[in-house]
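Residue numbers (this note's numbering): 118 to 1005. Cβ coordinates follow ideal geometry from the N, Cα and C atoms, glycine included. Shown next, in structure tokens, is the structure this report addresses.
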Amino acid sequence: MGTKRHRLRFRVLLATTFAVLALGAAGTAALLAQRETTAALREDAGADLAEAARGLAELLDRGLFERWRDVQVAAALGAALRDPASSSEAKRTELRRLRETFPDYALVMFVSPEGRVVASDSGLVEGVDVSRREYFLGGREGPFAGDVHDAILLRGLVKRLGQPGPRPQGTAIPTGPGEPPRFVDVATPVRGSDGALIGVMAAHLFWEWAEDVEASVLGPLRARRPGAEGFIIAADGSVLLGPAPWRGGRLTPVEGSAGVSALQQIVATANKERSHGHGAGYWPDPGRVGARVAGSAEFIAGWAPTGGHGGYGGLGWTVVARQEAETALAPARQLRNRILLWGAAAAVAAALLGWMLANRLARPIEALAGFSASLDNDEAGRPRSSRSAGSVARTLEEAALTGALSGLAADRDVAAANFGRAREKQLESEAFLRSVLDASTDCLKVVSLDGRLEFMNANGCLLMEIDNFEAVRGSQWASLWPEQTRERVRQALATAAAGGEERFEAFCPTAKGAPRWWDVAIAPVRDPAGQIVRAVCVARDITARQETDERLQLIVESAKDYAIFTTDHENRIVDWLAGAEAVFGWAANEVVGHDAALLHAPEERETRLALEGMEVAQAAESVPNSGWHVRKDGQRVFIDGRVTALRDPSGALRGYLRIGQDVSDRRAAEERSVLLMREVDHRAKNALAVVSAALRLTRAPDLQTYIRVIEGRVAALARAQTLLAQDRWTGADLGALLRGELVPFLNSGRKGGPWVEMDGPTVVLPASAAQPLAMVVHELATNALKYGALSSPNGSVSITWRLEGGPQGILRLLWTERGGPMISVRPQRRGFGSRVLEGTVRDQLGGAVSVNWHEAGLSCELAVPLVRRSLSDGEPTAHEGRHPEPTP
């Protein structure tokens, strides 16, 4: 009986010891695992939330930058907007075209420099004075982006494009009762080619655009982090976007409101460090009691400031994403509970093992006890000493138990240490891998070398709208792509299988048919031995960028009046758009890769290109680019535009964007206007000089005769002036000039015909020669009327002319009188007419005159060059520098 009692007690003791050790090890492992996992999950959640906040901030900055750039491009390329003389309807058409490229434009308008709305895309608010509005004042000075504000003037009058149902003009957007729509403003000045302000182009952008962007980023975040929430905080502390109790409020310290303080600290930190980060704190949460502050709960938060994009500087917003710590850390508690559960199961198993082990250990002890008892008794069975067999058995039993327990304790310590280290490494590895995969906003896939899908991260499934990855696991990756793209996908996979890397952009709809554009990169995956075993694919959703590029491309391609092209840093042409082909005549394949100098006129090729590159590189801005260029057919065109530096993210010069408009007609008109003004000034001075000379030199026997002679000479000048004005001072027809001076003698006269007969080709006199020749003809006609053929009833005058050397050669005009008074001797005195004849032809027109006095009448030949050489530059101009001789 004693031996059986000792055996039972030994079994219970050993089983209990094993169970306690197992439970202790499980409890210790559970506490260690919970602590390590909690720290890893806290860091993981913070990094994930910070990455989501950073992604949302970047999308907000990029979205506003695109709208900010849209209005600048439209203002620069809109011919009707830049033309002060264009109608409001023409301006309205261009504004409507811009609004239709993006559904979240509420209103696009053109405002005069005085601040009155000239035109809007829908005709709303036209004529309204907006001179005190911030977007107008900012837009006058340069490209402007304004913060969120309520729409008061347009409340109930505008609607987002793309909403279901009819969209009659004036239909309001759906908002809450009494809630006006909210806008973000962008504006830019509209300037003429001379840089003068023509007006301001402004656009109101629906704030719902930001809510859509927030949903696109936080939707996948909420799928993997239930309960995640986002905030957008303005620079003045206003909550632009957030949960309902927060939205529309302002961050001001409130007693007992720890969350406002925590959010203020986040905003202050983001604005100070200008980078994203994460942390934890207690926020007010109505209806809950937190661990530290009444009415609050602990949240893990990530944040990022908006810093602008490109030339757009941003509005100073702060983006915050948060998740309740209790939800984020739930996996740690679940792991602890699982470890404790498995620990309890292990304790039961250990107890059973101890029970069975005690039974095996007890058998040799019982044998020793029996042997000991036989030694203590004599042959009659009586005890030989006072020491009982039970005492010996207990001694041996305790010794064996002590040794067994010592061995088990040592094994337990080694096993616990190994388990702790292995578990710690496993948790670190799992947490790191999970944080990497979950933090990625891209679609990550692992593909076998034969093209089958083996893995896709959770965010990738969300992007591809795959509800259950198991449904597509093992399918061909190329089968997810459209038919026309599959060969490209197979080629990329083959490159990765051969050890290379590949990148491409292509269209692929989601599993539910939503259109998507992807930027895809694929690379090989190697095992520890270096063998390629799989391929990893990273696909980024670039649909928004592609749509923006397509809208911009549509705007650019529709601008056929503008030559738009890009060059690299060495001035070689890289991109050649349709407008450039229309202006210059070269197709893209004829000029891409060539030096842009071929477009410039020869006299501007060297200095202008070097100057443009230096100015742009030094100022990092756009500079005017105006000058004479050459078309493919050799025709010269005057281009008025700008050249802008293109830089990479590091600021290094990458090339140039050139935008120019063919203003040759306008340039020619301006030059004609300047020339006309100079010609009018010159002719007026000449006319006044001639009138002054006529007044000084005219001789007459009485005042009436003097007045009549002066009036005739001034009338000759006036008639020539009229002819020039009719042809806009480009010249005067010689025949018309002669008829104007001799009209009284053309239709009536002597018997048998008119007094004056004319014969010669059509000749257009330069403006500078018309009035002098008119004076010469007037003096010849006056002399003939007073002394020559026109003073006799039987007299006649013959006027013939011809051109030598073409339209810009020498005009030879012959004046011949017949039937007048007989001339016996050559006149000895030179009157005013003779001096006018010689001085005008020789000195003013640079020609020659030959006068012959015959008995039958006067003969006068004029040789007048229609083109002369300038004394200043040697180029041909009118009537200067050479004196032709009349033919004999």
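Starting from the Cα of residue i, find the closest Cα among the options and give me that residue.
| i | options | result |
| --- | --- | --- |
| Arg764 | Thr683, Ala695, Ala786 and Val953 | Thr683 |
| Asp750 | Ala704, Val760 and Pro741 | Ala704 |
| Glu687 | Thr444, Val709, Ala697 and Ile681 | Val709 |
| Ala352 | Asn388, Tyr679 and Leu975 | Asn388 |
| Val1052 | Pro719, Ala980, Leu962 and Gly772 | With the chain running from 118 to 1005 in the structure shown, residue 1052 is simply not present. |
| Val642 | Leu610, Gln663 and Gly630 | Leu610 |
| Arg233 | Ala169, Phe253, Arg607 and Gln648 | Phe253 |
| Gly359 | Ala397, His393, Thr435 and Tyr773 | Thr435 |
| Ala414 | Val334, Gly354, Ala762 and Gly398 | Gly398 |
| Leu770 | Arg789, Trp745 and Ser739 | Ser739 |
| Arg605 | Arg620, Ala615, Ser592 and Gly591 | Arg620 |
| Gly568 | Gly365, Gln593 and Thr145 | Gln593 |
| Asp559 | Glu618, Ala638 and Leu570 | Ala638 |
| Glu258 | His393, Pro306, Pro230 and Asn706 | Pro306 |
| Ala640 | Thr660, Ala615 and Pro632 | Ala615 |
| Val880 | Ser203, Leu357 and Glu921 | Glu921 |
| Arg689 | Leu446, Glu707 and Gly630 | Glu707 |
| Gly428 | Gly255, Asp178 and Leu357 | Asp178 |
| Ala445 | Pro362, Leu432 and Ala156 | Ala156 |
| Glu331 | Ala170, Trp932 and Leu181 | Ala170 |
| Thr602 | Trp634, Glu571, Leu176 and Thr134 | Trp634 |
| Ser557 | Met573, His426 and Val564 | Met573 |
| Gln663 | Pro201, Thr218 and Thr145 | Thr218 |
| Asp161 | Leu335, Gly394, Ser565 and Val760 | Gly394 |
| Ile681 | Lys629, Pro632 and Ile756 | Ile756 |
| Arg339 | Ala575, Asn742 and Asp712 | Ala575 |
| Ser97 | Ala447, Val235 and Gly195 | A query on residue 97 cannot be resolved here, the shown segment of the chain reaching from 118 to 1005 and no further. |
| Glu231 | Gly256, Asp221 and Pro220 | Gly256 |
Let's test the definition: count the other Cβ atoms within 10 Å of the Cβ of residue i and tell me whether it reaches 16, buried, or not, exposed.
| i | result |
| --- | --- |
| Val137 | exposed |
| Thr822 | exposed |
| Glu346 | buried |
| Ile824 | exposed |
| Gln961 | buried |
| Ala697 | buried |
| Thr917 | exposed |
| Gln925 | exposed |
| Met892 | buried |
| Val650 | exposed |
| Arg590 | exposed |
| His895 | buried |
| Arg216 | buried |
| Gln451 | exposed |
| Asp584 | exposed |
| Pro878 | exposed |
| Ser790 | exposed |
| Asp819 | exposed |
Can you give the beta carbon distance from residue i to residue j, rounded, assuming they're within the 8 Å contact cut?
| i | j | result |
| --- | --- | --- |
| Val437 | Phe348 | 4 Å |
| Ala418 | Arg439 | 4 Å |
| Ala111 | Ala656 | It is not possible to answer for residue 111, since the shown part of the chain is limited to 118 through 1005. |
| Leu580 | Asp658 | 6 Å |
| Val873 | Leu859 | 5 Å |
| Gly758 | Arg784 | That pair is no contact at about 13 Å. |
| Gly240 | Arg209 | 7 Å |
| Ala198 | Glu183 | The sequence shown places Leu at residue 198, not Ala. Not quite, the Cβ-Cβ distance comes to about 19 Å (not below 8 Å), so this is no contact. |
| Ser909 | Gly937 | 5 Å |
| Trp324 | Val301 | 6 Å |
| Met939 | Glu978 | Not a contact, Cβ separation roughly 22 Å. |
| Ala898 | Glu934 | Not a contact, Cβ separation roughly 11 Å. |
| Val1012 | Gly772 | Coverage of the chain is limited to positions 118 through 1005, which leaves residue 1012 absent and any answer about it impossible. |
Closest Cβ-Cβ distance between residue i and chain B: below 8 Å?
| i | result |
| --- | --- |
| Ala640 | Looking at the structure shown, chain B is missing, and only one protein chain is on hand. |
- Are the region 304 to 322 and the region 218 to 233 touching by the rule of at least three beta carbon pairs closer than 8 Å? Between the region 304 to 322 and the region 218 to 233 there are three or more inter-stretch CB-CB distances shorter than 8 Å, so the stretches are counted as touching.
- Query: Within the chosen definition, does the region 238 to 255 reach the region 305 to 313 through at least 3 CB pairs nearer than 8 Å?
  - Reply: no
- Run through the region 850 to 917 for me and flag every whole alpha helix (DSSP H) of 4 or more residues, listed as ranges in chain order. 851 to 859 and 884 to 903
- Go through the region 591 to 649 residue by residue and report every complete run of the alpha helix (DSSP H) that reaches 4 residues or more, in order. 603 to 614
- Message: Tell me whether the region 597 to 605 and the region 614 to 625 touch, counting them as touching only if at least three CB pairs, one residue from each stretch, are closer than 8 Å.
- Response: yes
- What are the start and end residues of each continuous alpha helix (DSSP H) run of 4 or more residues lying completely inside the region 173 to 212, in chain order? 196 to 199
- Task: Return the chain-ordered ranges of every beta strand (DSSP E) run that is complete within the region 325 to 400 and spans a minimum of 3 residues.
- Result: 346 to 350 and 356 to 358
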